[in-house]
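Novice: To convert, take the position in the sequence shown, counting from 1, and add 2; that gives my numbering. Following this message is one structure expressed as structure tokens.
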Amino acid sequence: MKTKILIGNLNSSAAVENGELVSFINNNVEYIHQKGNKGWRKSDDEMFPVIGPTSKNNFRVHTKNGDAIQDQHGLLREMEYSLISSDENSAKFIKKYIKNTAVKNSKFPEKSTEEFLHWPFDFTFEKCFRLKNDVLTIDFIITSDENMPFMLGYHPAFLLSNTGKETFIANDKIYDLDDVYKVGSNAFPVLNSNKIVLKNTDKNDLEITTEGFDNFMLWTEVNNMVCIEPITQYTSYTNQKFSEDNMRLSKGKNTFSVALKII
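Listed below in structure tokens is the structure:
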């Protein structure tokens, strides 16, 4: 059963459906890509505990606790959120995973040879939305054993004008949609940055700031939406070796944050 939660005030509001951000409206203007329109089939998602395609690694990730089976962008997106709490300005969700539990892979059999996925560590993954002073903040809290390897990416999609004229500013550089198109499925990297601005042509600009991620990647194949994705690391420069040697190690409790602000 789908549950939609509305948070916000007269100037700004957000709608969250089963942990997925499906709307962020400021002064009656929508900023989130709407499912069902051309482009991506979702409006946001997470990439955890890996980022990127794993097929070249035979869908295996090597860890100290043994090999895990992971498909592209990890198994977290195959799990469902449970609501922890909500009020007029916030909503909190959680996913809990017990190590080595088999999770059905929605990509099987059309896009994957692996019917079930698993991960050899326990973890909990919290996603918390807060709307204050017209700024929407999404916090991610990952709790696990210390030294669990992981990658994390947040994958929101934003509504564009369908003109192809939007640009992006980060690290004092300007990028456009042609830059994103040329990279294709690898997604366009914007590295060593915790802020990016989407320069809109039909509404106010959107500033995205992050804590803990330190990188972005941009992806789209159409003019009416773009995914601006905070990531802990970019995995498409080389043939990624999916091993904990190339991943972050958990501190036990790990916190990441993304803030969306209309400017």
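All residues carry an ideal CB built from backbone N, CA and C; glycine is no exception.
Does the stretch 152-167 come close enough to the stretch 31-45 that 3 or more CB-CB pairs lie under 8 Å?
Specialist: yes
Novice: Assuming Asn1 and Leu119 form a contact by the criterion Cβ under 8 Å, report the distance between their Cβ atoms to the nearest whole angstrom.
Specialist: Examination of residue 1 is not possible in this model, given that the chain is present from 3 through 265 alone.
Novice: Taking the C-alpha atoms as reference points, what is the distance between His75 and Phe127?
Specialist: Here residue 75 is taken as the residue at index 73 of the sequence shown, counted from 1. Here residue 127 is taken as the residue at index 125 of the sequence shown, counted from 1. When rounded, the distance between both Cα atoms is 15 Å.
Novice: Tell whether a beta-carbon distance below 9 Å holds between Pro191 and Met219.
Specialist: To locate residue 191, count along the sequence shown from 1; it is residue 189. To locate residue 219, count along the sequence shown from 1; it is residue 217. Result yes, Cβ atoms of Pro191 and Met219 sit closer than 9 Å.
Novice: Could you have a look at Val18 and say whether DSSP puts it in helix, strand or coil?
Specialist: Start at 1 with the first residue of the sequence shown, and residue 18 comes out as number 16. Val18 falls in the strand class under three-state DSSP.
Novice: Can you tell me which residues form a DSSP beta bridge with His64?
Specialist: Residue numbering aside, residue 64 sits at position 62 when the sequence shown is read from its first letter. According to DSSP, His64 bridges with Asp69 and Ser245.
Novice: Determine the extent of the beta strand (DSSP E) in which Lys255 is found, giving its start and end residues.
Specialist: Translated into the one-based positions of the sequence shown, residue 255 becomes position 253. Start and end: Lys255 to Ile264.
Novice: Using the Cβ count rule (16 or more neighbours within 10 Å means buried), how would you classify Ile144?
Specialist: Your numbering for residue 144 matches position 142 in the sequence shown. Buried.
Novice: Applying the 10 Å Cβ sphere with the 16-neighbour rule, what's the burial state of Val105?
Specialist: Numbered from its first residue, the sequence shown carries residue 105 at position 103. By the neighbour-count rule (16 or more Cβ atoms within 10 Å), Val105 is buried.
Novice: Look at the alpha carbon of Tyr239 and the alpha carbon of Ile210, and state the distance between them as a whole number of angstroms.
Specialist: For the purposes of this step, residue 239 is identified with residue 237 of the sequence shown, where counting begins at 1. For the purposes of this step, residue 210 is identified with residue 208 of the sequence shown, where counting begins at 1. When rounded, the distance between both Cα atoms is 24 Å.
Novice: What's the gap between the Cα of Glu148 and the Cα of Asp124?
Specialist: The residue given as residue 148 occupies position 146 in the sequence shown. The residue given as residue 124 occupies position 122 in the sequence shown. Approximately 11 Å, taken between the alpha carbons.
Novice: Below 8 Å on the Cβ atoms is my contact criterion, and I expect Asp136 with Ser14 to pass it. Report the Cβ-Cβ distance as a whole number of Å.
Specialist: Position 134 of the sequence shown holds residue 136. Position 12 of the sequence shown holds residue 14. About 4 Å; that satisfies the 8 Å criterion.
Novice: Would you mind giving the Cβ-Cβ distance between Glu48 and Leu78, rounded to the nearest angstrom? I have them listed as a contact below 8 Å.
Specialist: Translated into positions along the sequence shown, residue 48 becomes position 46. Translated into positions along the sequence shown, residue 78 becomes position 76. 5 Å between Cβ atoms; contact.
Novice: From the DSSP output, in three-state form, read off Ser92 for me.
Specialist: Counting from one through the sequence shown, the residue named residue 92 turns up at place 90. In this structure, Ser92 counts as strand in the three-state DSSP scheme.
Novice: Going by beta carbon distance, what residues of the same chain come within less than 6 Å of Val185, once the five residues before and after it are set aside?
Specialist: For the purposes of this step, residue 185 is taken as residue 183 along the sequence shown, with counting starting at 1. Excluding positions up to five away in sequence, the list is empty.
Novice: Based on Cα-Cα distance, which residue from Val199, Gly155, Asp180 and Lys94 lies nearest to Phe170?
Specialist: The residue labelled residue 170 in the question sits at position 168 within the sequence shown. Looking at the Cα atoms, Val199 is the closest of the given residues.
Novice: Count the other C-beta atoms from every protein chain shown that fall within 10 angstroms of the C-beta of Gly68, then say buried if there are 16 or more, exposed otherwise.
Specialist: Taking the first residue of the sequence shown as 1, we reach residue 68 at position 66. So Gly68 ends up on the exposed side.
Novice: Report the CB separation of Asn217 from Leu193 in whole angstroms; it is logged as a contact under 8 Å.
Specialist: Residue mapping note: residue 217 aligns to position 215 of the sequence shown, counting from 1. Residue mapping note: residue 193 aligns to position 191 of the sequence shown, counting from 1. Between Leu193 and Asn217 the Cβ distance is about 5 Å, and since that is below 8 Å, they are a contact.
Novice: Assuming Lys94 contacts Cys130 under a Cβ cut-off of 8 Å, what Cβ separation, rounded to an integer in Å, is found between them?
Specialist: In the sequence shown, counting from the first residue as 1, residue 94 sits at position 92. In the sequence shown, counting from the first residue as 1, residue 130 sits at position 128. The beta-carbon distance between Lys94 and Cys130, rounded to whole angstroms, is 5 Å. This is short enough to meet the 8 Å contact definition.
Novice: Under the three-state reduction of DSSP, which class applies to Asn59: helix, strand or coil?
Specialist: The sequence position of residue 59 within the sequence shown is 57, counting from 1. Reduced to three states, the DSSP call for Asn59 is helix.
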